[in-house]
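S.K.: Each residue of the sequence shown is one higher than the last, beginning at 1 in this note's numbering.
We put the CB at the ideal spot given by N, CA and C, even for glycine.
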Amino acid sequence: MASHAQRGPDFIGIGTPKAATSWLFTCLGEHPDICAAEDKELDFFFEPNFSRGQEWYESRFTHCNGKIAGEFTPTYLHRKGVAERIHSLYPHAKLIAVLRNPVERFLSEFYFHYGLGRHDFTDPRDLPKEKYEKILKRGRYGEHLEHFYTLFPKEQVLVLIYEDIKKDPAAVMRQVFKFLGVQDSFVPPSLLTKENVTGNNRARSRSLKRAYYREFESISRSRHREKIFNILRTLGIGQFVKFVMRINNRPTSKVTPTEKKVDGELREKLYRSYEADIKKLEELLGKPLSWR
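(1) Among 16, 276, 27 and 287, which has the Cα closest to the Cα of residue 175?
(2) Can you list the beta strand (DSSP E) stretches of 3 or more residues lying completely in the region 77 to 144, in chain order?
(3) Use the C-beta contact count for residue 255: other C-beta atoms within 10 angstroms, 16 or more gives buried, fewer gives exposed.
(4) Considering only C-alpha positions, which residue in the set 30, 16, 79 and 78 is nearest to residue 184?
(5) Expressed to the nearest angstrom, what Euclidean distance is found between the alpha-carbon atoms of residue 71 and residue 42?
(6) Does the distance from the CB of residue 249 to the CB of residue 208 come in under 8 Å?
(7) Taking its Cβ as the centre, do 16 or more other Cβ atoms sit within 10 Å of residue 100, making it buried, or is it exposed?
(8) Have a look at residue 199 and residue 246 and give me their C-alpha separation to the nearest angstrom.
(9) Check whether the Cβ atoms of residue 242 and residue 105 sit closer than 8 Å, and answer yes or no.
(10) Can you round the beta-carbon distance between residue 7 and residue 58 to whole angstroms, since I take them to be within the 8 Å contact cut?
(11) By Cβ distance, which residues of its chain are closer than 7 Å to residue 1, with the 5 residues on each side in sequence left out?
(12) If I measure Cβ to Cβ from residue 302 and keep anything under 7 Å in the same chain, skipping five residues before and after, which residues do I get?
(13) Name the two residues that bound the continuous alpha helix (DSSP H) containing residue 295.
(14) Express the C-alpha separation of residue 152 and residue 110 in angstroms, rounding to a whole number.
(15) Quick one: what's residue 158 bridged to in DSSP?
(16) Round the Cβ separation of residue 143 and residue 280 to the nearest angstrom and send it over; I've been treating them as touching at under 8 Å.
(17) Which first and last residues belong to the alpha helix (DSSP H) in which residue 55 is found?
(18) Give the single residue among 186, 80, 35 and 219 whose Cα lies nearest to the Cα of residue 66.
(19) Can residue 15 and residue 77 be called in contact, C-beta distance under 8 Å?
(20) Can at least three beta-carbon pairs, one atom from the region 127 to 147 and one from the region 270 to 277, be found at a separation below 8 Å?
(21) For residue 284 and residue 146, which I take to be in contact (beta-carbon distance under 8 Å), what is that distance rounded to the nearest angstrom?
(22) Near residue 90, which residues of its chain fall below 6 Å by C-beta distance, leaving aside the five closest residues on each side in sequence?
(23) By Cβ distance below 7 Å, which residues in the same chain neighbour residue 25 in space, the five residues on each side in sequence not counted?
(24) Could you please give me the residues that DSSP links to residue 36 through a beta bridge?
(25) Give the secondary structure of residue 49 by DSSP, where H, G and I count as helix, E and B as strand, and everything else as coil.
(26) In this structure, does DSSP put residue 199 in helix, strand or coil?
(27) Leaving out the 5 sequence neighbours to the left and right, which residues in its chain are closer than 8 Å to residue 51 when beta-carbon positions are compared?
(28) Roughly how many angstroms separate the alpha carbons of residue 270 and residue 291, rounded to a whole number?
(29) Which of the three DSSP states, helix, strand or coil, is assigned to residue 249?
(30) How about residue 69 and residue 160: do their beta carbons lie closer than 8 Å?
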């Protein structure tokens with residue numbers, strides 16, 4: 001295990017989006033023996049942040065002062081090359097993944113992006129094929145987890161099931177605390193709260209959100225993206241834009257949960273897409289999953 005604070009994280013949350021990872025991160029940070037990174041998602045193990053170097057990453061934990069330190073970037077699980085980078089720098093870090101019924105996760109992400117103004121489609125089948133496949137891929141947990149298991153021993157990876165969190169959040173948190181080696185009787189104040197609720201009205205201005213994501217994606221595709229992002233950071237523009245985007249998002253208490261109107265044909269199509277991978281995941285975990 002890394003020495004806390006100065007030598008990087010003791011645990012890293014690796015996945016998955018729209019599976020209560022924000023809730024879990026909040027609860028972890030409330031434990032007196034755990035120190036959460038300054039930002040939940042450090043996005044370090046892929047570009048552009050990986051180029052900022054290990055020293056930059058470890059500086060995100062300098063305030064931890066001997067506590068168990070960690071971060072939670074839900075997209076690590078499915079990002080190419082991330083497992084190798086984590087293993088090369090922090091081979092003894094404990095990993096945590098939260099997995100959700102992949103069909104429900106797919107729909108939740110689709111409607112979440114709609115609520116943020118990232119697209120105006122009301123039916124996933126109308127998405128451009130590239131975007132549809134991108135969201136679909138994130139739910140192939142068996143494929144992604146199998147790759148992590150080639151580098152990390154299974155006992156170093158805690159896999160949680162989102163539906164278990166819904167049933168008994170206290171039991172899940174005890175499991176996580178025990179895995180991290182801290183007092184497991186602690187009850188986080190945020191145990192029964194909700195984070196990042198999917199809602200059609202999350203963005204105050206959908207046009208502002210669309211403009212932001214259009215420009216962000218344009219820069220991300222540029223071969224000069226690292227230079228551009230560095231200039232934006234140096235000028236403080238990046239932080240200002242993040243501040244504006246936070247203001248543009250309504251707080252969870254003001255968000256109206258999305259009513260997901262999904263026909264049986266679409267659900268069946270999604271289940272067929274995930275069927276083989278769910279079987280692979282069940283084999284990896286050694287237990288059946290009630291996701292049908």
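M.R.: The relevant details are as follows:
(1) Checked all of 16, 276, 27 and 287; the closest Cα to residue 175 is 27.
(2) The region 77 to 144 contains these whole beta strand (DSSP E) runs: 94 to 99.
(3) Reliability of the predicted coordinates at residue 255 is poor, the pLDDT of 48 falling under 50, and the value obtained from them is presented with this limitation in mind. In summary, residue 255 is buried, with 16 or more beta-carbon neighbours lying within 10 Å of its beta-carbon over all protein chains present.
(4) If we check each option's Cα against that of residue 184, 30 comes out closest.
(5) Take the alpha-carbon of residue 71 and the one of residue 42: they are about 7 Å apart.
(6) No Cβ-Cβ contact shorter than 8 Å links residue 249 with residue 208.
(7) Classification for residue 100: buried.
(8) In this predicted model, residue 199 has a pLDDT of only 46, less than 50, meaning its place in the structure is not dependable enough to derive any value.
(9) No.
(10) Cβ atoms of residue 7 and residue 58 come within 8 Å of each other, at about 7 Å.
(11) Unreliable placement is indicated for residue 1, whose pLDDT of 43 sits below 50; no coordinate value is reported for it.
(12) Any answer about residue 302 is impossible in this case: the structure gives the chain only from 1 up to 292.
(13) No statement about residue 295 is possible, as the shown extent of the chain runs from 1 to 292 and does not include it.
(14) Whole-angstrom Cα-Cα distance: 31 Å.
(15) DSSP links residue 158 through a beta bridge to 96.
(16) Contact flag correct, Cβ pair sits at about 7 Å.
(17) Where residue 55 is concerned, the enclosing alpha helix (DSSP H) stretches over 54 to 59.
(18) Comparing Cα-Cα distances from residue 66 to each of 186, 80, 35 and 219, the minimum goes to 35.
(19) Contact flag set, yes.
(20) Look at the beta carbons and you see the region 127 to 147 touching the region 270 to 277: at least three pairs across the two are nearer than 8 Å.
(21) With a Cβ gap of about 6 Å, residue 284 and residue 146 count as contacting.
(22) Apart from sequence neighbours up to five positions away, the residues of its chain that approach residue 90 with a beta-carbon distance below 6 Å are 8, ordered along the chain.
(23) Within the same chain, 13, 36, 40 and 72 come within 7 Å of residue 25 by CB-CB distance, once the 5 residues on both sides are set aside.
(24) Beta-bridge pairing links residue 36 to 70.
(25) Note: residue 49 maps to helix in three-state DSSP.
(26) Caution applies to residue 199, whose pLDDT of 46 falls short of 50 and renders its modelled position unreliable; the value that the coordinates give is listed next. It is a strand residue.
(27) Excluding positions up to five away in sequence, the list reads 226.
(28) Their Cα atoms are separated by approximately 12 Å.
(29) Strand.
(30) No, these two residues do not count as a Cβ contact at 8 Å.
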